[in-house]
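Just so we're aligned, residue 1 is where the sequence shown starts under full-length UniProt numbering, counting upward by one. Using N, Cα and C, we set each Cβ at its ideal position, and we do this for glycine too.
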Amino acid sequence: MRNKSGILVVGCLGFIGILVLIAIITAAVVWGQRGTAIALDEKIKSQHVANKSNYDNMWKRFKEMAQVTDMQADDIKKVYTDLIAGRYTNTQALFQTIQEQNPQMSSTLYTKLQNEVSSARTEFDRNQKKIADQVREYNTHIRKHVLMNAIFHFETMDAEKFIITSDRTSDAYQTGKDNEVKLR
């Protein structure tokens, strides 16, 4: 009888040991899944801050480049005003104007500004798609790991909260309608 009770005790201890081992492995897996969810959450927050910085930088570049073209236009206007005022007071200067090289406003600044707007918008669009994908990855992770989420109560994120859009886009998605773009 002693031998049977010893085997029973060893069997119970072995069973308890296996349960403890399963509990430890489960806790380690759940803890690892939690760590992944936290890392994804932080990645989204970091990308959101980077997108804000990118957006701010984009608009500052546009304004600064536009100021250069405004400065050039003001300088040319000043030169032309002085030239024309001088020509009407001196009739000889009026005939000389035909032979003069008058200052020209270069269209390259406008082309450069147009290229800058296009490339900055493309970069910002790429960053917005990146954060939307990160939100999708986070949401998928927390929805796939039910046990981890039941313990730690992670909530899904709404990618719309991280995306910047226009009234026109919002209206089009709300109504389901949009019209062609009129350039003039």
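DSSP state of residue i mapped onto helix, strand, coil
i	result
valine 49	helix
glutamate 42	helix
serine 154	The question names serine, but residue 154 is phenylalanine in the sequence shown. Phenylalanine 154: coil per DSSP, three-state reduction.
isoleucine 98	Note that isoleucine 98 scores a pLDDT of 49, beneath 50, so its modelled location is shaky and nothing firm can be said.
asparagine 179	coil
Spatially closest choice to residue i from the options, by CA coordinates
i	options	result
glutamate 64	Arg184, Leu113, Glu155 and Arg121	Leu113
arginine 126	Gln67, His48, Thr156 and Ile151	His48
phenylalanine 152	Gly32, Ile76, Ala23 and Tyr80	Gly32
alanine 39	Arg143, Thr165, Glu180 and Gln134	Gln134
isoleucine 163	Glu155, Phe124 and Leu109	Phe124
tyrosine 55	Arg143, Val9 and Ser119	Ser119
isoleucine 131	His145, Ile16, Ala159 and Ala150	Ala159
serine 107	Val79, Ala66 and Cys12	Ala66
arginine 121	Trp59, Ala73 and Arg136	Trp59
lysine 161	Lys4, Arg184, Arg136 and Ala73	Arg136
Assumed close pair residue i, residue j - CB separation to whole angstroms, cut-off 8 Å
i	j	result
histidine 141	alanine 37	6 Å
methionine 157	isoleucine 44	7 Å
tyrosine 138	aspartate 41	6 Å
valine 117	phenylalanine 62	6 Å
threonine 81	leucine 109	With a Cβ gap of about 21 Å, threonine 81 and leucine 109 do not count as contacting.
asparagine 51	glutamine 128	7 Å
For residue i, the first and last residue of its enclosing alpha helix (DSSP H)
i	result
glutamine 184	Rather than glutamine, the amino acid found at residue 184 in this sequence is arginine. Careful: arginine 184 lies outside any alpha helix (DSSP H) and carries neither H nor E.
serine 170	167–175
alanine 159	That residue, alanine 159, is in no alpha helix (DSSP H); it is neither H nor E in DSSP.
aspartate 125	108–144
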